[in-house]
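A.B. asks: Which chain is which? The protein sequence lines are A and B, in order.
Using the numbering used here, read the first sequence as starting at 1 and increasing by one per residue.
Using the numbering used here, read the second sequence as starting at 1 and increasing by one per residue.
Right, I'll just put the structure down here and ask away after.
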Amino acid sequence: MYVGKNVTRVDARDKVLGRTKYTDDLCDKSAYIVRVLHSTIAHGRVISMDTSQAEEIPGVVGVFTCFDVRDTQYFPTAGHPWSTDPDHQDVADRRVLTEEVRFYGDDIAAVVAEDEVSAAQALRAIQVEYEEYPFVLDVQEAMKDGAPQLHKEYPNNILKHTTIRKGNYEKAIQEPGLTKVEGWYETPVVQHCHIENFICYAQMEGDRITVVSSTQIPHIVRRVVGQALGIGWGKVRVIKPYIGGGFGNKQDVLYEPLCAWLCRKLGGHLVKLDVPREETFVSNRVRHGIRSHIISWVRPDGTYAARKLEAFSDQGAYASHGHSIVAKGAGAFPQLYPCENVEVDAYTIFTNKSVAGAMRGYGIPQAMWAVECHTEDVAAKMGINPVKFRRQNVMPVGYMDPFSKNELYHDTFNQCLDKALEATDFERKYQEYQNQAGDIRKGIGLSLFWYNTAVWPISLETSSCRMVLNQDGSLQVQLGETEIGQGADTAYTQMTADVLGVPLEAVHVVSCQDTDVTPFGTGAYASRQTYTAGFAIRQTALLLRERILAYAHELTRMPPYNLDIVDGNIIRTTDGRVLMTLEELSTEALYSLTNSQHLSAESTSQIKSNAYSFGCTIAEVEVDIPMCKVRLLDIVNVHDAGTLINPALAEAQVHGGMSMGIGFGLSERLLFDQKTGRALNDNLLDYKLSTFMDHPRLRALFVENPEPTSAFGTKGLGEPPACSVAPAIRNAVYHATGVAVNDAPVNPHNLFRRFTEEGMFAGTGKGGFHHV
Amino acid sequence: MYDIKALYEAESVEQAIRLLTEHPQAQIIAGGSDVLVQMREGKRAGKELVSIYGIDAMRGVSYEEDGAIRIGSLTSFSHITKDPIIQEHINVLGEAVDMVGGPQIRNIGTIGGNTCNGVTSADSASTLHAWDAIVEITGPEGVRRIPIHEFYIKAGTVDLRPGELQTAIIIPKAAYEGYFGHYIKYAMRNAMDIATTGCSVNVKLSPDKRIMEDVRIAYGVAGPVPLRAFKAEQAAKGKPAEAEYVKAFAQTVLEDIRPRDSWRASKAFRQHIAVVLAERALRKSIELAGGEIHE
């Protein structure tokens, strides 16, 4: 059996040797180069554009402006499965280029040239005349009457407002003896910063267009390119090679429609659009900044009487993934710490900023920042140990979400907590670091997280798989679920080998998705690849096994129910005798003069379940108060992702998510100029992505409770590692200094402001944290 | 692909001067870690370049006849850090340039480029200011030597006349003998960053290690160009190496520095950090000099 073993990544050697081909490696050098001209105002309209100078530059093939796009359609960009119900379709508010400018960096023209230098020169030579409108950057300002309006269909810039009501909040807060704890918590706009910037290229053959793209969602891209160009979806072929990370930015349709449109405009000539890093920050997607207001009414025994959450999610200029993000976080609020009386109001608001889309965690890192900072604040105010307080209130075993039917089958939270507490010696350190004085203090902090994987029942969950047997008993496996660096292909290889009964080396998962030949699947998002693909792999492998054994019956005359495939051999189960090898059988099957068969199997699984994937983080810090700096001394994540298919890959996945969480908690934020709306730090120098030098040794631990709904007992682990890191760090800093920072990141600027407010430099500041 | 009009590669200082004279619009390029970035951003797009990177005579650290330390302008950061002469006499310079960017940048980046770029945040610049470095410039008229604080004219502009290039940086013997120093780079992360503020302090103690005979302090990003905090230096000079005087010295830097508000950091924050850095860097320098601070 291979599931559960640390087999080497199937692509490890090729990646180390530089043999894996990425989009840019595959593009022929004859490609024309596309560069996008972005608006230099935050809100307004393009009145005119003078492209004459640009067109005269040698090497420039053409300049296409927002006035040339009348043959295109408005399209949605979110990487969601399509819905045939118009009420559940994503908002179609983008066009390949736009006259109406809604953020600084909007796409208003495109230059096509023979080389990058001419393209860059042409961009600088285009003259644009705008009519400028007032703009708004703050979510709550944008909701006010009279605020600048981005989309006329959405008054007060509210894309959507949803509510959750449970019990009677107003009545419940009348209960005598309650303590009110209230706080505002805010997370910044951040960006994915995958290593490979978004890139795609397009070329036509006949009347069909091929787009090769660095995407997580090739089948969705095919649909949206078809929609944008107003052509049959079957006329579009999308190929997804290896990609250098995506983290959700590439769970959106980015510039594939523009690239395909330009290709058509140029008679099908090969065109390539390689987005520079600065434009990746501004004109791709970002994480929604969310401002949350939480009020909790707590009984003296530390139980909740009533709770309220208002969350304001910053959508930026276009709908993209829209309200799904804050809605997911809002849904977590009444579940993580259930309470009889709850009010939740979640708003998604347009602002004149970069467009927010999917990003690892999909609203949960923001929600956990608010909820777990607040939980710490409540525990502190009530004088209750934060571990005890969480254990007392957390979702109990057997809890079932009435909507998704997800169930907490095991005591995951307490088991994860136990493991994390032991690994960090939490209780001892928590006591030891109380009441510190002096400039440099230590603290230890905790955060739980709630996450559910996959998208059922909100959206379709489907996975299709094809397996094709070769002469030598090896096989190709194809899936719509994509390898985006997380190691999916390796997990699929292990699963296939186990179900079919063949050696690992016999399984070749075709990494590249090509919508012309790859079975349908919607791609990598929602931490669903291993969970979702598992169903289709199991089903298809069993189907192929049945066909192989039926053929074996023809050859051996043994009844199929007495036959099995073990380690690549056909065996008779009654006495264990090897009757023939799978190689002998496959060769015979293909070349038989009497009964030639191409042994293959293909099937679709529609999945009508998903799973909770929970865990926690404990962080230990050293805070240098005069320097306004936090040093992470230790950090541990504990996850219950069910049965681990490959523990080493799971650990690596957690490390990556923790790193992202450290940046989110300590250093990252995309800043926008209040005077112009321009992104100020649109590069990897000024945008403070954390580095190895900012990390302690990252520790990933697991509790493996097999998930009963899952084909292999496994459940999502793609996004969960990024969900609880930041609030754990914040709570550790709070523990060390007694100063709560409610605006992420806990960077020197925010610490300087908060330490100044609390008198920490004047010698009038707080001593360390002290309560039970 | 870079928008370069033409590239001329010099093999000697004389040839470089000739090329620069023939192509007065040309930009000098050494390691390229600043120039190529600027070209990519469009700031220097379409320019002619004169590369001096192949002039090996401008590499390496050596003693001059009078004991001064001569650092060839093309010496890379990583070579400076590992150089035995630097380690013996101005180890702080090796430490400072070891904080530039990441390993790749430190292998390609040169101390000449770091200073000729004229930016206030350069990690070498505050230490060179604090050690009274002399800049050697060679041009059509011959060689001239000027103090580094005169070399910096304004943000992004240094005193290089047509046809000239910086050929060396010199630390006079009197400037290093008996001095011990420490540099603190204050940045938002521990690698791949530029300084929010950088502070380089050095001290010369009396033979009994109790008196600060001389103290020098320079900052990056406390003004448009790197600067010395002379009032703070005066306040500390001749004073006992005691906590009271160290603190007073640190407070006095506020009279010297001129940080500004920007989106990268507020003025109040920079001032606060500048004081903390001055105190910590002086304490460390005293310790390195064999002193002990009496509280």
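The beta-carbon is built from N, C-alpha and C at its ideal position, and this holds for glycine as well.
Nothing here was measured: the structure is a model prediction, and the numbers come from that model.
1) CA-CA distance, Glu116 of chain A and Glu719 of chain A?
2) Against chain A, with Cβ distances strictly below 8 angstroms, would Ile137 of chain B count as a contact?
3) For His771 of chain A, count neighbouring C-beta atoms within 10 Å of its own C-beta (all shown protein chains included) and say buried if the count is 16 or more, exposed if not.
4) Could you say if the region 703–723 of chain A and the region 525–545 of chain A meet the contact criterion of at least three C-beta pairs nearer than 8 angstroms?
5) Between A:Ala379, A:Pro396 and A:Val397, which lies nearest to Phe389 of chain A when the distance is taken from Cα to Cα?
6) Taking the runs of the alpha helix (DSSP H) that are 4 residues or longer, which of them lie wholly in the region 5–80 of chain B?
7) If you measure beta-carbon to beta-carbon, which residues of the region 349–378 of chain A are closer than 9 angstroms to chain B?
8) I'd like to know whether the C-beta of Val189 of chain A is nearer than 8 angstroms to at least one C-beta of chain B.
9) Which residue's Cα is closest to the Cα of Asn470 of chain A: A:Val394, A:Leu582, A:Leu421 and A:Thr412?
10) Counting only Cβ-Cβ distances shorter than 8 angstroms, please list the residues of the region 180–194 of chain B near chain A, keeping chain order.
11) With 7 angstroms as the C-beta to C-beta threshold (strictly closer), list the residues of the region 744–756 of chain A near chain B in chain order.
12) Please go through the same chain and pick out, in chain order, the residues whose beta-carbon is closer than 6 angstroms to the beta-carbon of Val578 of chain A, but skip the five residues on each side of it.
13) Contact check, Leu585 of chain A vs Leu544 of chain A under 8 angstroms by CB: the rounded distance?
14) CA-CA distance, Gln486 of chain A and Glu372 of chain A?
15) Scan the region 27–58 of chain B for residues whose Cβ lies nearer than 8 angstroms to a Cβ of chain A and list them as they occur along the chain.
16) Just to confirm, is the Cβ distance from His43 of chain A to Phe135 of chain A under 8 angstroms?
17) Taking only three categories from DSSP, how would you classify Val772 of chain A?
18) Go ahead and label Met693 of chain A buried or exposed: buried means 16 or more other beta carbons lie within 10 angstroms of its beta carbon, across all protein chains shown.
19) Would Tyr186 of chain B and Thr127 of chain B be called neighbours here (beta carbons separated by less than 8 angstroms)?
20) Would you identify the three-state DSSP class for Tyr185 of chain A, choosing helix, strand or coil?
21) Quick one: using the 10 Å Cβ neighbour count with 16 as the cut-off for buried, is Ile143 of chain B buried or exposed?
22) According to the neighbour-count rule (16 or more other Cβ atoms, all chains shown, within 10 Å of its Cβ), is Glu279 of chain A buried or exposed?
23) With burial defined as no fewer than 16 other Cβ atoms inside 10 Å of the residue's Cβ, what is the status of Leu7 of chain B: buried or exposed?
24) Let me check understanding here. Comparing Cα to Cα, which of A:Thr594, A:Asn352 and A:Ser527 lies closest to Glu141 of chain A?
25) Find the nearest neighbour of Ser600 of chain A within the set A:Asn562, A:Ala541, A:Ala619 and A:Cys628, judged by alpha-carbon distance.
26) Can Val636 of chain A and Val630 of chain A be called in contact, C-beta distance under 8 angstroms?
27) Among A:Ala744, A:Leu649 and A:Thr65, which one has its Cα closest to the Cα of Lys5 of chain A?
28) Would you kindly report the start and end of the unbroken alpha helix (DSSP H) that includes Glu278 of chain A?
29) For the region 117–148 of chain A, which residues have a beta carbon sitting closer than 8 angstroms to at least one beta carbon of chain D?
30) Which whole-angstrom value is the C-beta distance of Gly55 of chain B and Ala10 of chain B, which I expect to be below 8 angstroms?
31) Using a Cβ distance threshold of 8 angstroms, determine whether the region 694–705 of chain A contacts the region 382–401 of chain A, with at least three qualifying pairs required.
32) Does Lys166 of chain A come out as helix, strand or coil in the three-state DSSP assignment?
33) In three-state terms, what does DSSP make of Trp261 of chain A?
34) Any beta carbon of chain B sitting closer than 8 angstroms to that of Ser459 of chain A?
35) Is DSSP giving Cys339 of chain A helix, strand or coil here?
36) Put Val221 of chain B into one of helix, strand or coil per three-state DSSP.
C.D. replies: Reading from the atomic positions:
1) Their Cα atoms are separated by approximately 36 angstroms.
2) It does not: the Cβ of Ile137 of chain B has no partner Cβ on chain A nearer than 8 angstroms.
3) Confidence at His771 of chain A is low in this model, with a pLDDT of 45, below 50, so the placement of that residue should be treated as unreliable; the coordinate-derived value is given next. The residue in question, His771 of chain A, is exposed, as its Cβ has fewer than 16 Cβ neighbours within 10 Å.
4) Verdict: yes, contact present.
5) Comparing Cα-Cα distances from Phe389 of chain A to each of A:Ala379, A:Pro396 and A:Val397, the minimum goes to A:Ala379.
6) Qualifying alpha helix (DSSP H) stretches, in chain order: 13–22 and 35–40.
7) Against chain B - using a Cβ distance shorter than 9 angstroms - the region 349–378 of chain A contributes no residues.
8) Closer than 8 angstroms: no.
9) Among A:Val394, A:Leu582, A:Leu421 and A:Thr412, the Cα nearest to that of Asn470 of chain A belongs to A:Leu582.
10) Considering only beta carbons, the part of the region 180–194 of chain B lying closer than 8 angstroms to chain A consists of Tyr186, Met188, Arg189, Asn190, Ala191, Met192, Asp193 and Ile194, in chain order.
11) Flagged, chain order: Asn747, Pro748, His749 and Phe752.
12) Cβ neighbours of Val578 of chain A beyond the five flanking positions: Asn569 and Ile571.
13) No, Leu585 of chain A and Leu544 of chain A are not in contact; Cβ-Cβ is about 12 angstroms, not under 8 angstroms.
14) The straight-line gap from Cα to Cα measures roughly 27 angstroms.
15) Cβ contacts with chain A come from Gly42, Ala45 and Gly46.
16) Cβ atoms of His43 of chain A and Phe135 of chain A: closer than 8 angstroms.
17) With a pLDDT of 42 at Val772 of chain A, under the threshold of 50, the modelled position of this residue cannot be trusted; read the value that follows with caution. Residue state for Val772 of chain A is assigned as coil, using DSSP reduced to three classes.
18) Label assigned to Met693 of chain A: exposed.
19) Going by C-beta atoms, Tyr186 of chain B is not nearer than 8 angstroms to Thr127 of chain B.
20) The three-state secondary structure of Tyr185 of chain A, taken from DSSP, is strand.
21) Correcting the residue type first, residue 143 of chain B is Val in the shown sequence and not Ile. The residue is exposed, with fewer than 16 neighbouring Cβ atoms inside 10 Å.
22) By the 10 Å Cβ count, Glu279 of chain A comes out buried.
23) With fewer than 16 other Cβ atoms within 10 Å, it is exposed.
24) With distances taken between Cα atoms, Glu141 of chain A lies closest to A:Asn352.
25) Checked all of A:Asn562, A:Ala541, A:Ala619 and A:Cys628; the closest Cα to Ser600 of chain A is A:Ala541.
26) In this structure, Val630 of chain A does not lie closer than 8 angstroms to Val636 of chain A by Cβ.
27) Ranking A:Ala744, A:Leu649 and A:Thr65 by Cα distance to Lys5 of chain A puts A:Leu649 first.
28) It spans Arg277 to Ser283 - the alpha helix (DSSP H) in which Glu278 of chain A sits, taken as one unbroken run.
29) As a matter of chain content, chain D is missing from the structure shown, whose protein chains are A and B.
30) One detail in the question is off: residue 55 of chain B reads as Ile in this sequence, not Gly. Between Ile55 of chain B and Ala10 of chain B, the beta carbon gap of about 6 angstroms places them in contact (Cβ cut-off 8 angstroms).
31) No, they do not touch.
32) Strand.
33) Of the three classes helix, strand and coil, the one that applies to Trp261 of chain A here is helix, per DSSP.
34) For Ser459 of chain A, the answer is no, since every Cβ of chain B falls outside 8 angstroms of its Cβ.
35) Of the three classes helix, strand and coil, the one that applies to Cys339 of chain A here is coil, per DSSP.
36) For Val221 of chain B, the secondary structure class from DSSP, reduced to helix, strand or coil, is coil.
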